[in-house]
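J.:
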Amino acid sequence: MKPLFFLILFSVALLSTAQQQGIHPSSSQYEWPTDPQVKQKLDQWQDQKFGMIIHWGLYAVPGIIESWSLCSEDWITRDSNSYYGDYKKWYWGLQKDFNPVNFNPEQWAKAAKTAGMKYLVFTTKHHDGFCMFDTKETDFKITNGPFKNHPKANVAKYVFDAFRKEGMMIGAYFSKPDWHSENYWWPVYETANRNNNYDIRKFPWRWNQFKQYTYNQISELMTDYGSIDILWLDGGWVRPKETVNAEVLSWGAPIPEWSQDVDIPKIAAMARKKQPGLLVVDRTVHGPYENYQTPEQRIPDHKIDNPWESCMTLGGAWGYVPNESFKSAPKVIASLIEIVAKGGSLLLGVGPGADGTLQQPIIDRLAEIGSWMDANGEAIYNTRATDIYKDGNVFFTRAKASKKMYALIPVPDGTTLPTVVEWSGNLPAKGTTITLLQTKQKLKWTIKNNKVIVQLPKSVKTAAIALSFTPGN
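Per the working numbering, the very first residue in the sequence shown carries number 5; after that it's consecutive.
1. Ends of the alpha helix (DSSP H) at L98?
2. Per DSSP, which residues does F473 bridge with? Please list them.
3. In whole angstroms, what separates the C-alpha of E251 from that of N106?
4. What is the DSSP secondary structure of G26, reduced to helix, strand or coil?
5. Could you work out which residue in W183, G435 and Y219 is closest to Y202 when comparing CA atoms only?
6. Following the continuous beta strand (DSSP E) through Y123, name the residue where it begins and the one where it ends.
7. Taking DSSP as the reference, what is the three-state secondary structure of F137?
8. Return the chain-ordered ranges of every beta strand (DSSP E) run that is complete within the stretch 138 to 225 and spans a minimum of 3 residues.
9. Which one of P181, S223 and V125 has the shortest CA to CA distance from V354?
10. State the DSSP-derived secondary structure class of E251, mapped to helix, strand or coil.
11. Taking N430 as the reference, give the member of T466, A379, D391 and K462 with the closest Cα.
12. With H290 and S31 assumed to form a contact (beta carbons below 8 Å), what rounded beta-carbon distance in angstroms separates them?
13. Report buried or exposed for L351, applying the criterion of at least 16 other Cβ atoms within 10 angstroms of its Cβ.
14. Could you give the residue range of the alpha helix (DSSP H) that holds R402?
15. Are there 16 or more other CB atoms within 10 angstroms of the CB of S179, so buried, or fewer, so exposed?
16. Can you find the residues in the same chain that come closer than 6 Å, C-beta to C-beta, to Q50, ignoring five residues on each side of it along the sequence?
17. Going by alpha carbons, who is nearest to Q235 out of P244, K245, W241 and S223?
18. Locate the beta strand (DSSP E) running through W112, then write down its first and last residues.
19. In three-state terms, what does DSSP make of Q459?
20. For R388, does the three-state DSSP call read helix, strand or coil?
21. Could you tell me how far apart the beta carbons of V415 and I469 are, in whole angstroms, since I believe they sit closer than 8 Å?
22. Starting from E261, follow the beta strand (DSSP E) in both directions and report where the run begins and ends.
23. So the alpha helix (DSSP H) K335 belongs to, where does it begin and stop?
24. Helix, strand or coil for G55? Go by DSSP, reduced to three states.
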């Protein structure tokens, strides 16, 4: 086998494919929390609007898409001359090569702060089972390899500390499936797909060990890593059988005959005892432990009245891959505007390299986004959706704590800034001032045939126009 050769072929094919698989579609059902502390935290989270999700693990060493190369499903291709068992051994063996000597969480946090981001979700463990924290439950972790003697070897702790110092809410990503655990993928059997590979009904003792393992690891994260605001649980196929409804079946993911229930109610109760008000985001598993929904790599086509977040990548992959192409600042800002107008938040994904730093193009792109947010963030933060959230290419948000409303108009790459903005609905109150947020200029406007017409200055250059005004009754 020539792992690096087929690895290159594999990663190129998979990068363009994995994002289209609907790995984590969004459930359409929502249940509001009843715990007052959780409701308060949820309202606080809805004020933030813009966050960073960081995927970082063994997959950064070869620069391939995170974890999925270990899985055997028909959408995943490998070199036909390779042996699957050898590939897994090679992947697990990356532990001995992962030595991020330039690990710089302060750089990451500063880049996020500069971009105007307000919260973090960090991968403490992805599906491959490699832990980016000093768990006592396994040796398959960052603190048991060449990085173990580094003063910041307990990576998650220092990531959380760095972002907390920048005033951000802290989220711990945790994968419910663990493909390295012998109690999830039992070596007695082959690993056909993303699910556990043995019948839990026949071997309940083995699954109970996995449940305890999951409980213990999350308990560690909730105990030893400071204040945590969000427990972001990935791997929605690990769920109680009774939650697999027609909607879940329509997603096309492989579903076993047995229940992969890890007892999230018990985990959530423990976690909230340690972290009062904790938001639990059990992705796609509708019910009391999916405190907000998480459509992946897409923006819903309509306004959603319950809390939600689009998680999308800045480049083409969640983690680091070489020679990545990144979205432009105007494109990201346009997505942010549309998402916020529809009632959601944007969680933007970046991946540090194997050395522990963000690529300079990522930092530069985030700085571009931040320049716009510095001038126009008033129209994004602490806002809520309006009944009329869009008219043509104009999106609307409303201030949470005042009567003020905002009109936002993305300016796509390569297009000329308009000299006039028009919209129907959400008409300004008589005598109100319409202000261009970027320059604080008061603009001339009229209403004609139930349409507001706003004159824009010719000298403005911006990725998106943001106007503030007081609406009429």
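No residue lacks a Cβ here, since even glycine has one placed at the ideal position from N, Cα and C. Predicted model, so just to flag it, every value in this text is computed and none were measured.
T.: Let me lay it out:
1. Within the sequence shown, residue 98 is the residue found at index 94, counting from 1. L98 -> no alpha helix (DSSP H), and no H or E assigned at all.
2. Sequence index remark: in the sequence shown, residue 473 carries index 469 (1-based). Under DSSP, F473 forms a beta bridge with M409.
3. Start at 1 with the first residue of the sequence shown, and residue 251 comes out as number 247. Start at 1 with the first residue of the sequence shown, and residue 106 comes out as number 102. If I take the Cα positions, the gap works out to 45 Å.
4. As a position in the sequence shown, residue 26 is number 22, starting the count at 1. Any answer about G26 is weak, because its pLDDT of 49 lies below 50 and its placement is not dependable; what the coordinates show is given next. Looking at G26 - three-state DSSP - the assignment turns out to be coil, as it is neither helix nor strand.
5. Position 198 of the sequence shown, counting from 1, holds the residue named residue 202. Ranking the options by Cα distance to Y202, first place goes to W183.
6. Taking the first residue of the sequence shown as position 1, residue 123 is located at position 119. First-last of the beta strand (DSSP E) with Y123: Y123 to K129.
7. To locate residue 137, count along the sequence shown from 1; it is residue 133. Note: F137 maps to coil in three-state DSSP.
8. 173 to 179
9. Here residue 354 corresponds to residue number 350 of the sequence shown, with the count starting at 1. It is V125 whose Cα lies nearest to the Cα of V354.
10. Against the sequence shown, residue 251 aligns to sequence position 247. Note: E251 maps to helix in three-state DSSP.
11. Counting from 1 along the sequence shown, the entry for residue 430 is found at position 426. Nearest of T466, A379, D391 and K462 to N430, Cα basis: D391.
12. Numbered from its first residue, the sequence shown carries residue 290 at position 286. Numbered from its first residue, the sequence shown carries residue 31 at position 27. Contact between H290 and S31 holds, with the beta-carbon distance rounding to 4 Å and staying under 8 Å.
13. Working through the sequence shown from its first residue, we reach residue 351 at position 347. It is buried - the Cβ of L351 has at least 16 other Cβ atoms within 10 Å.
14. In the sequence shown, residue 402 corresponds to position 398, counting from 1. From DSSP, R402 is part of no alpha helix (DSSP H) but of the beta strand (DSSP E) over V398 to A403.
15. For this step, residue 179 is matched to residue 175 along the sequence shown. So S179 counts as buried.
16. The count along the sequence shown starts at 1 and reaches residue 50 at position 46. Contacts found: P311.
17. For this step, residue 235 is matched to residue 231 along the sequence shown. Reading off the sequence, residue 235 comes out as Leu, not Gln. Nearest of P244, K245, W241 and S223 to L235, Cα basis: S223.
18. Along the sequence shown, one-based indexing puts residue 112 at 108. From DSSP, W112 is part of no beta strand (DSSP E) but of the alpha helix (DSSP H) over P109 to A119.
19. Looking up residue 459 in the sequence shown gives position 455. Three-state DSSP puts Q459 in a strand.
20. Counted from its first residue, the sequence shown places residue 388 at position 384. The answer is strand: DSSP assigns R388 an E or B state.
21. Residue 415 sits at position 411 when you count from the first residue of the sequence shown. Residue 469 sits at position 465 when you count from the first residue of the sequence shown. At roughly 7 Å, the Cβ-Cβ gap stays under 8 Å, so V415 and I469 are in contact.
22. By one-based count along the sequence shown, residue 261 stands at place 257. Run containing E261: none; DSSP gives neither H nor E here.
23. By 1-based counting over the sequence shown, the position of residue 335 is 331. Its alpha helix (DSSP H) spans residues A333 to A345.
24. The sequence position of residue 55 within the sequence shown is 51, counting from 1. Strand at G55.
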